[in-house]
Every structure is written in structure tokens, then in C-alpha cells.
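Be aware that the sequence shown starts at 253, since it is given in this note's numbering, and climbs by one per residue. We treat Cβ as the ideally placed atom computed from N, Cα and C, and that holds for glycine. None of these values were measured; they are calculated from a predicted model. Here the structure is laid out as C-alpha cells; the discussion comes afterwards.
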Amino acid sequence: MVIDLPVIWAALIGFVVFLYVALDGFDLGIGLVFPMLNEPGDREVMLNTVAPVWDGNETWMVLGGASLYAAFPVAYSVLLPAAYLPIIAMLCGLIFRGVAFEIRAKARRTQHLWDLAFMGGSAVATFAQGVILGTLLQGIPVTNGEYAGGAFDWFTPFNLFCGLGLLVTYAALGCGWLLIKTEGDLHRRVRLLMWPLAVLLGLTIGVVSLWTTLGEPAIAQRWFSLPNLLFFLPVPVLVVAALVGIFLSLRRDQARDHTPFLLTLAILFLGYTGFIISIFPHIIPPSVDIWEASSPRSSQLFTLVGAVIIIPIILTYNSMAYWVFRGKVRQGDEGYH
């Protein structure tokens, strides 16, 4: 039996990218809700909830980029020029966010400036990721295995709206995380903030879904033709159910603090599933599939051995960090050093 390595690599990269989006999504989300939670001590508590894990979360982005280059070099060589500016903006945002995280804890007179850097870096990185997502959904022109578009083809209303939609998604994830990790007055205000964010999340998902199906006939055909409709219908139904579950959980007591975060994470997973349904087997829609974009079989097999070794190691130390630093974070706890 011949193993279909491109399918295995596509599944691995899909898994790694989702872990990055889910894990780095909530700590980027904390930067997005920073402006709305500014009572004395709030921001120190918020940062301390992610201080032990935020840099480990970004490991998945590095692994995802390296895996794409190793397994699908054609896709890598097309995606970069198609989205050079958003990718550069994302990296700059992550750099500003990381530097602000390190320096803010020691700064005194300039702490407000590092707050701005943390908020701005989080917003720019998130928005750029949404633009890249929209660029993939709308499709990238390819000729003879090379990018055939312009430097600003990514600058479209749909892609910009996807950037705004991801801002809302990550902010909701950040609020969900803070509900798990905080208590007292900060917890109460985060709970109040989660309401409008959940409403905006539902609206943006609806707009992006409608815009995609109206603007991309091939995607609409895939979703709404029979029998595909019957197989894919659970995705939007479960999204609605998860949104309802968030609102119901916010009305109940704090014993269910984990529920809003888990349901927001479920919505993110369902949205990611919908994205894969819309483009698979293309890795650069609408014309380059995973087999056309693949590196030689020997290269994929060699790098697969390394991935099989390294992914469990990363999963183990990430899991240990979350387990060791579980529980509520309180004002006055040791800060980030």
C-alpha cells in the first residue's frame, strides 16, 4: 500500500495551524480587550494569566511555517508574494507584542507606551492574519507555479472584513480565557464584555459565510449541492448552538467559567472546518492542490520522521505549562519576570 504523503502532511499542517490559531488567539485577544479593562491592577492580572504560556503558543506558528516550506514549497512560494505586506505586518505586530510583554513589567514612567505597543501589536497581528485568511478564501492567481497577481491584490473589502472578523474572534477568545483565570470585579466586567463580543462574533460569521458563498460560486456549489449539503449542514447548526450556549452560560453562576471559552473555541474549530471544506484539496485555491504543491516524496518522508518526533514533544511541554499554571490569577500575585 502506497502512503499518500501529501494528504498526511496536509492533515499535520492543518492540525498545527489550528493549534496556533486557538492558543495564540486567546493571548492576542487579551491585547485586544486591554483598552476596555483599565482599572488599577487589571492589566497586570490579565498579562499574568498568559505570561507562562504565550511564547510557547507561538511555537506552533514557527512549526507551521517550516512544515509548509518543507512539504509544500510551491504553496510557500506562491503565498508569500501574494500576501507579503500582511505577512510582514503580522510579524512586526508579533514582535511589538513580544517586546512590550517583556519590557512592560519593568517599565515605570513609560508603561503606558508599552501598553499601546502591546495593544497595537496584538491588533495588527490579528488583523493581518484575517487578511491572509480572506486572501486564501478569495483565491490566488497562479501561472506556471508562480504567483501571477499584484502586490496589493490582498487589499479587497472582503479580505479587510475577514481581518475585522478575526479581531472579534480573538477578542472573544481572550474574554473566555479571562473568565477562567480571573475573579472578583475584573471577572464581572469581563463577563459583561463577553456579551457584545459574542453578538458581534455571530454577526461576523454570518456575514463572512454569506459573502463567501455569494462571491465564490465554486464554494457555494460545494456547500449547497446534494448530497454535500446533508453532510456539511451540521457545521452551521453547531455554530448557532454554540452561540446560544455562550449566552446561556453567561446568565449562570461562575461554576461554569470554562463554558464560554470552550464554546468559543468550538466556534473557532467549526469555522476552521468550514474553511477546509471550502478549499480542500486545494492548498492555494482555486488552482493548486496539495499534490501539485508537494515537495519530492523523499523530502516529505524525511521531514515526516522529524515531525513525528517533535510534535509530541511540543504538545507535552505545552500541556505541562498549562497544567502547572492552572487556577485563578489574583491581583498581587507575582508578575512576569
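Going by DSSP in three states, A507 sits in which element: helix, strand or coil?
With a pLDDT of only 48 at A507, under the threshold of 50, the placement of this residue in the model should not be trusted, and no figure is reported.
Hey, would you say I498 sits closer than 7 Å to L514, going by beta carbons?
no
In its own chain, which residues sit with a C-beta less than 6 Å from the C-beta of W312, not counting the 5 before and 5 after it?
V268, L271 and Y272
Cβ neighbour criterion (16 or more within 10 Å) applied to T434:
buried
Separation of C427 from G391, as counted between CA atoms:
32 Å
From this set, Y336, V459 and L449, which residue's C-alpha is nearest L284's C-alpha?
L449
Mind checking R549: buried by the 16 CB within 10 Å criterion, or exposed?
exposed
Note the first and the last residue of the continuous beta strand (DSSP E) segment covering I536.
H534 to I536
Starting from N290, trace the alpha helix (DSSP H) in both directions and tell me its first and last residue.
No alpha helix (DSSP H) contains N290, which DSSP labels as neither H nor E.
Spatial distance of G415 from A470 (CA atoms):
23 Å
Under 7 Å, do F278 and W429 count as touching if we go by C-beta distance?
yes
Roughly how far, in whole angstroms, is the beta-carbon of L320 from the beta-carbon of I260, given that I think they are within contact range, below 8 Å?
Not confirmed; about 14 Å, so no contact.
Taking 7 Å as the limit between beta carbons, can you name the residues of its chain near P538, skipping five residues before and five after?
G391 and A470
Backbone secondary structure at E435 - three-state DSSP
coil
Beta-carbon within less than 7 Å of L455's beta-carbon, same chain only, minus the 5 sequence neighbours each way: which residues are those?
none
Bridge partners of E398, per DSSP?
T395
Is it right to say H510 is buried, meaning 16 or more other beta carbons lie within 10 angstroms of its own, or is it exposed?
exposed
What do you reckon, are the CB atoms on A424 and L453 nearer than 7 Å?
yes
Bridge-paired residues (DSSP) for V540
I536
Neighbourhood of I255 by C-beta distance below 6 Å, restricted to the same chain and skipping five residues each side
none
Assuming S551 and A322 form a contact by the criterion Cβ under 8 Å, report the distance between their Cβ atoms to the nearest whole angstrom.
7 Å
N- and C-terminal bounds of the alpha helix (DSSP H) containing I255
Neither: I255 is in no alpha helix (DSSP H) and is coded neither H nor E.
What is the DSSP secondary structure of V557, counted as helix, strand or coil?
helix
Do the CB positions of F348 and G373 come within less than 7 Å of each other?
yes
Going by C-alpha distance, which of A400, A303 and N396 is nearest A357?
A303
Distance check for F353 and L299, CA to CA, integer angstroms please.
8 Å
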